[in-house]
Amino acid sequence: MVLDLNWDEDKEFGEYILYGSCAGSTGETYATEVAFSTIGPHWEIETAICSCPVNIYCKHAVALLLTFATVEEGNPAVPQAKQSWEALLAPILAESTPTSTGRSLALLVVASHEKSRYGNDLSVSFRPMTVGKKGTWIRSGISWRNLQNPDYRQDFNAEHYSSLQSLLEAWTRGRASYGYSPPEKLALYSASESVWAGLDSVVAAGVPLVLDRSSPVDQVDIGQSAHMGMKVVPGDQEGTARAEVDLTVDGQAWDLASVYLAGSPKQHGVYRIDERVLTLAPFRPSPPKSLLDLARTAQVVEIPAADAARFSAEVLPVLRSSMPVQVADGLFAPPEISGPVAVLSVTTNDDGARVSWTVRYVVNDQHQDFDPNSRRLGTGHRNGDAEDVLWKQHLDVLRNVAGSSDSWQRQAVGRLGVTMSISIDADSIRELEALRSADSNDAAVAAASVRTLLAGVSLSPVEAARFYVEVVPELAGRDDLLIELTENSDAYRKSEAAPQLSFSAPDADRDGNDWFDLQITATVEGEQVPLADLIRELTVGASHMLLPSGTYFPLDAPELVRLVELLEEGRALGEIESGQAKASSYNVTLWEELLALGVVDEQTRAWQDKLTRLRSARPPHDAALPEMLRADLRDYQQEGFNWLTFLWDNGLGGVLADDMGLGKTLQTLALIGKIWQSGEMHAPFLVVAPTSVIANWAAECEKFTPELTAVTVTATEAKSGRPLSKRISGSDIVITSYTLLRIDFDVFDAVDWAGLILDEAQFVKNHNAKAHQCARRLAAPFKLAITGTPMENNLMELWSLLSITAPGLFARPQQFTDYFRKPIESGTEPERLATLRRRIKPMMLRRTKDQVAGDLPPKQEQVVPVVLATKHQKIYDTRLARERQKVLGLLGDWEKNRFEIFRSLTMLRQLSLHAGLVDQSKLNLPSAKIDFLIEQLPELIAEGHSALVFSQFTGFLAIIRAHLDAAGIPYSYLDGSLSARQRATAIKEFTDGGVKVFLISLKAGGFGLNLTEADYCFVCDPWWNPAAEAQAVDRTHRIGQTRPVTVYRLVSAGTIEEKVVALQDRKRELFTAVMDEGEMFGSAIGADDIRELLGVSEVEQ
5 MVLDLNWDED KEFGEYILYG SCAGSTGETY ATEVAFSTIG PHWEIETAIC
55 SCPVNIYCKH AVALLLTFAT VEEGNPAVPQ AKQSWEALLA PILAESTPTS
105 TGRSLALLVV ASHEKSRYGN DLSVSFRPMT VGKKGTWIRS GISWRNLQNP
155 DYRQDFNAEH YSSLQSLLEA WTRGRASYGY SPPEKLALYS ASESVWAGLD
205 SVVAAGVPLV LDRSSPVDQV DIGQSAHMGM KVVPGDQEGT ARAEVDLTVD
255 GQAWDLASVY LAGSPKQHGV YRIDERVLTL APFRPSPPKS LLDLARTAQV
305 VEIPAADAAR FSAEVLPVLR SSMPVQVADG LFAPPEISGP VAVLSVTTND
355 DGARVSWTVR YVVNDQHQDF DPNSRRLGTG HRNGDAEDVL WKQHLDVLRN
405 VAGSSDSWQR QAVGRLGVTM SISIDADSIR ELEALRSADS NDAAVAAASV
455 RTLLAGVSLS PVEAARFYVE VVPELAGRDD LLIELTENSD AYRKSEAAPQ
505 LSFSAPDADR DGNDWFDLQI TATVEGEQVP LADLIRELTV GASHMLLPSG
555 TYFPLDAPEL VRLVELLEEG RALGEIESGQ AKASSYNVTL WEELLALGVV
605 DEQTRAWQDK LTRLRSARPP HDAALPEMLR ADLRDYQQEG FNWLTFLWDN
655 GLGGVLADDM GLGKTLQTLA LIGKIWQSGE MHAPFLVVAP TSVIANWAAE
705 CEKFTPELTA VTVTATEAKS GRPLSKRISG SDIVITSYTL LRIDFDVFDA
755 VDWAGLILDE AQFVKNHNAK AHQCARRLAA PFKLAITGTP MENNLMELWS
805 LLSITAPGLF ARPQQFTDYF RKPIESGTEP ERLATLRRRI KPMMLRRTKD
855 QVAGDLPPKQ EQVVPVVLAT KHQKIYDTRL ARERQKVLGL LGDWEKNRFE
905 IFRSLTMLRQ LSLHAGLVDQ SKLNLPSAKI DFLIEQLPEL IAEGHSALVF
955 SQFTGFLAII RAHLDAAGIP YSYLDGSLSA RQRATAIKEF TDGGVKVFLI
1005 SLKAGGFGLN LTEADYCFVC DPWWNPAAEA QAVDRTHRIG QTRPVTVYRL
1055 VSAGTIEEKV VALQDRKREL FTAVMDEGEM FGSAIGADDI RELLGVSEVE
1105 Q
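Positions 5 to 1105 (my numbering) are the ones given, in order, by the sequence shown.
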C-alpha cells in the first residue's frame, strides 16, 4: 500500500517527479519515484525506480501512479501539460541544441573508526552520489545497484557514469561470493587489487571525491604508488646492523605505526589519516607476504656483529632479488665471490640413483649451490650470462648424462607435462611435442633444451652401476666440473667374460617319464645368475644385467638371445612347463639347439646324443633292403628307405612328402618288407587310401612284395556279413578306404596293428573332420603319412598330418596357430618360417622332381590360350556382367555367402568351356577347346602317342565323348561314379594299349594312378588348386616313364580362366615357402582373390 505521496517539479531538467513510500507484502518500506516529461499535450513516463529488489517499473510504482490519479485528480497544484508554442517546439530545440552533460555524479568517501573482521580499525568505503534539486550532493536517486542498470546511463554524465561503473566492476570481481547485488557501500579493506584501476578511472573522469560530514578527515588524496622494502642501518653496538621495514608513498616515508593495509586476503595497498588528510595508495609492486607480516608487527631485525659478513654475503642478495633494500653506506664490506661452477651429484637409493645438476658459487670461502633452472629466484650475486655460457660449454656432458638412462625420454616428457599443468609457454609446448615424437631415446636427448637436460635423470640399478664405472671416470678429468658421489665407484665392476650356460636333466632318459626337471644355470665369472631374472631382463630388451655383488655384464651375447628365443618357443608350444621339459617331445631340433648353447653334464649327455641322432633322422649307414623286394631302388629311394627305417627303429612317425610319381609306395613297401623279414612284425599294417587307389595298392603289393599277403577291405563289416578279424586273418597288409575307416572305426580300432599308412594323406588335412580324428585316435605304434601335397592352402593342413604321425611335435592346434601360423601368414615375423622348417625337418622327407631330374625324362609344359568363337564370347561377357554385380554385392559378408559366390564362379568357369554346360539349348554351339582336341588327338595317335585328357567337369567330358564318338576315336573313360570293377577295367584297357585316349575327371583320377603309358596330357580347365593339377599330370610323369612328357594347359582367353592361372601361381608360392624353402608365402582363397578373378580394379572397389 502507498504510505505517503509527494509531487515536485525539477525545473533544471524539465521533469515532474512523483515520489513516495510504499509498504511491501512482508512489511518492508520501499522508496518509489516516477519521473514524467511532456511531449505536446501528452504526459510520458521517463523513469520509474524503486528500492525494492525489482528496482524499476515495479508494482510499487504502479500503486503510486494509481493512488496519485485518484487523490490528485483536478488538483490545481498539479501543472497541466504545456500547450504553448514553447512546449511544442521544445523537442525540436532539444535535438538542435548541444545536449547537456547530464546530472553529475560524485564518489562519497566514508572514513570511520570501527572494528572489522580483517582487524582494521579505520574503515574506508565508497558510494555514489548525484546532484539534488537544490544543487547539493545527495544520496537518493543513485546507488551501486542503479549503476548495474543500463537504463540509468542517459540520466547522468556519461564519463562519470562509466568511471563509477568501472569501480563497481573492479570491486565485484574481487567479491563475487557476496552475490549478485552490491552492498550500499564498497569497502576498501575487502576490495580486490583491481580497485586501484577503478579509482584511477574515477579521478581521471573528474568525479568529485566527497567526504561524509561525520568523517574525521577534510581531504582525500589518491597516491600513485607505495613501495615497501627494507632498510639496513648500523646497530647500537659496534659492527652490528639493524634491518627494518621501509615504506614510502610517492617518495615520502611513512611511519608504519599509522598505516593500514587495504585488501583481503591479499594486501595490495595502504592508507592513513595524517593531519585530517586521508591518503590512499596502491603497492607497485606488491611486497612479499612475509614482509607484510613483518610490517604488521613492526619488528626490527637485529644482526649481531659475528653474523654481519654472512648476512651481507648470503642474505642480503636474496632480499634484494625480491624487494627494494637500502643499505647504509659503508655498513658492509663487499663479499668475495667466485663462480659459477657446474656440479654433478649422484645419490644412490633403493631404486638405483638420482643424478642432478647444481650451479655453485663460492662467497667469502663458503660455497652456495643453486638449482640452475631457478636463477631468477636466486641470489643477487648470481651471474645469469655466465651461467648460460657455462651450460653451453657443458652441453655434451648434459646429453651424455641424460643418455645414461634408457627411460630418459619418458622421464622428460612426464616432467614437462607436470610443469605445463602449472604454467604454459610456447617453447615448452614445442619442446614437449618434439620429445614425444622422437623415435628414440637418443633423438629425444638431442632435441631437448638445456633447461630440460638440467632437470637431471633417475637411473635404474644397472644404469647406476654403468654410470659409476663408465661415465664418472670419463667426466672426472674435467677442470670445470665438480662431481659429488654418495657411494664409492669401486662398489661396481664390469665383467668382460660372457655368461656361461650349463644344462642338467638327470632323469631325462628314464623310461616312463612324461616330464623331467630341466635345470639351466648361468654363471658370470663363477657367480650364479638367477635364470628367471636373466630371462626377464632379456625379454624386456635390457642391454646389461646387474648382480648382487655389484658386477654387471652385457646381455648381447648371441647365446643369451638364442636362449630366450628357444625357451619362449618351448613354452608357447607346450614343451616346457614350470621348469620341466617334455620327455616324449618330438621337437628334437628345438632341444638340440638349446643344449648346444652351453655345457651339458654327464647325466644329460645321453639325452643330447639321442636328440642328435633323431635330428639327423638317418641311420649311420644304408639300411639293407629286404630280399623279397622285387625292385631296384634309385639312390633317392634308398635314402627314403633309410629314413623310414630310422623312424621305425626309433618309434617315430613321419610324413613322406615326395613329389608325385617318385615311388612313395615302393619305398613304403620296402620298409614293410624289411620289418616282415626281420621277424618284428607281429601284426598287419593297415593302409588307408582313397577308394579309387585300393586296387592300385593291391597291384603294387603283388608286383613288389609278392611274399606279403595283402587283403583289401572294400565293404563294411555289416555289409560283408563277416567279422573284420576273419576277413584279414593271416594278412600282412590290410588295404581299406578313408570312408570305411570312418564308418567302421570301432571295428578297425579293435585290431592290433603293426602300423598305420595313410596314402594320399591330404584326405585327413582338416583336423576338424571325422576322418582326421579317426586316423589320430587309431591305436598303432607307427604312423606314416604319404602325400605329394602335405599342404595346399594353409599351415594348419601341415599341422593336421604331423598331429597324427608325430603328435608330440606340436601338441595343440592353438599353440601352433599362435606361434607359427599367424606370425608367418601375416608376415609379421617371417623368421618363424625358418624355425618351422627346422622343426619339421626330422619328421618329414620331401624330394622334388627337380632334385631327382636325372631319373626322369624331360617334361614340357605349355599354356595354350584358346580364343572363344564370337558368339560364345558374347554369351560369356553377358553372363559375366550379371554374375560380377551379384558376387560383388555378396562379398560384404564373405563367410555367409561363400557357397553362393563359388556357385557363380563355377558357372563362369563352365561357360568358359562350353555354353551348353550352363544353357542346354546352346549344346550345338561350337567349343574352341573341343575343336583343339579333335584336331590334335588323331595326329598324336597316328604318331604312336597316348594321351590323358583331364577336366574338372564331367559334363564337359560328356560333350568331348560325343565328339570323339562322332570322329571315330576310341577312348577310355573314368570318373567318380564308376565302381571299382569298372574303374579297373577302364585303366586296364588303356594300359594294355587297347585305346590311346583316356578321359579322366580331375578329382577321380588326380591320385593313385600309374599311367606311364601316356606321354601327352591335356588339362582342359585350370583348377583353383595347382597341386590338384600337378597330381593329375604326375599320373604319367613319374618313375617308370621312359619318354618325354608334353603337357598342354588349355586356357580360354578373355575369361575367368586367365585369372585362375594367376591365382595358381600364388598358391604354388605358399607350398614352396614351407615345403621347399621358398622365400614367399600366401594364404587360402579370400574375398580379394574373388575380386581379382572378376577383374575388379582398385578404383571400382
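Where is the CB? At the ideal position from N, CA and C, for every residue including glycine.
- Taking 4 residues as the shortest admissible run, the stretch 660 to 694 contains the following complete alpha helix (DSSP H) segments, listed from N- to C-terminal end: 668 to 682.
- If you ignore the 5 residues before and after I49, its C-beta comes within less than 7 Å of the C-beta of V38 and F40, all in its own chain and listed in chain order.
- The beta carbon of L323 is closer than 7 Å to those of M234 and V329 in its chain, skipping five residues each way along the sequence.
- Excluding the 5 residues flanking it on each side, L559 has same chain C-beta neighbours closer than 7 Å at E541, L542, A546, S547, H548 and M549, in chain order.
- Our two residues, H272 and S294, have alpha carbons roughly 14 Å apart in a direct line.
- The bridge partners DSSP lists for P238 are A245.
- Taking C-beta separations shorter than 7 Å and ignoring five residues to either side along the sequence, the partners of V304 in its chain run R246 and E248, following chain order.
- Using a 10 angstroms sphere on the CB of F903, the tally of other CB atoms stays under 16, which defines it as exposed.
- Secondary structure remark: continuous beta strand (DSSP E) runs of at least 3 residues inside the stretch 474 to 506, in chain order: 485 to 489.
- The beta-carbon separation of G267 and A332, rounded to 32 Å, does not stay under the 8 Å limit for a contact.
- With respect to the 7 Å criterion, A765 and L805 are classified as neighbours on the basis of their beta carbons.
- Its chain contains A561 as the residues whose beta carbon lies nearer than 7 Å to that of A502, once the 5 sequence neighbours on both sides are disregarded; these appear in chain order.
- Residue ranges of uninterrupted beta strand (DSSP E) with 3 or more members, entirely inside the stretch 950 to 1034 and ordered along the chain, are 951 to 955, 976 to 978, 1001 to 1005 and 1020 to 1023.
- Comparing alpha-carbon positions, the option among F160, V359 and A789 lying closest to T669 turns out to be A789.
- Residue state for L927 is assigned as coil, using DSSP reduced to three classes.
- Ranked by Cα distance from A299, the options T252, S316 and T283 are led by T252.
- Taking a cut-off of 8 Å for Cβ pairs, the stretch 634 to 646 and the stretch 840 to 856 touch, as three or more such pairs fall below it.
- Residues K769 and M795 of the same chain have their beta carbon placed closer than 6 Å to that of E801, with the five preceding and five following residues left out of the count.
- Using a 10 angstroms sphere on the CB of L68, the tally of other CB atoms reaches 16 or more, which defines it as buried.
- Of the candidates G959, L1006, A459 and L126, A459 places its Cα closest to the Cα of G418.
- Within 10 angstroms of the beta-carbon of L673 lie 16 or more other beta-carbons, which makes it buried.
- Assignment of beta-bridge partners to H371 by DSSP yields V366.
- Of the candidates I737, W680 and P238, I737 places its Cα closest to the Cα of V691.
- The stretch 682 to 756 is shown to contain whole alpha helix (DSSP H) runs of 4 or more residues at 698 to 708, 721 to 724, 728 to 731, 742 to 747 and 749 to 753, in chain order.
- Shown here for E833: same chain residues with a beta carbon closer than 8 Å to its own, the five before and five after excluded, namely P827 in chain order.
- A contact is defined here as three or more CB-CB pairs under 8 Å, and the stretch 1017 to 1026 fails this definition with respect to the stretch 965 to 980.
- Taking a contact as a CB-CB distance under 8 Å, the pair T71 and V6 counts as one, their CB atoms being some 4 Å apart.
- Taking 7 Å as the cut-off, the beta carbon of V1037 is found no closer than this to the beta carbon of V1055.
- In this structure, the CA atom of N161 is about 13 Å from the CA atom of P132.
- When the alpha-carbon of S325 is set against those of D369, D373 and S378, the nearest one is in S378.
- Counting every other CB atom within 10 Å of its CB across the protein chains shown gives S316 a total of 16 or more, marking it as buried.
- Separation of the CB atoms of V461 and V359 is rounded to 5 Å, and the pair is thereby assigned contact status at 8 Å.
- Between the stretch 167 to 177 and the stretch 200 to 220, the count of C-beta pairs closer than 8 Å reaches three or more; the two stretches touch.
- For D250, the three-state secondary structure derived from DSSP is strand.
- When DSSP states are grouped into helix, strand and coil, S294 belongs to the helix group.
- Excluding the 5 residues flanking it on each side, Q370 has same chain C-beta neighbours closer than 8 Å at R314, A317 and E318, in chain order.
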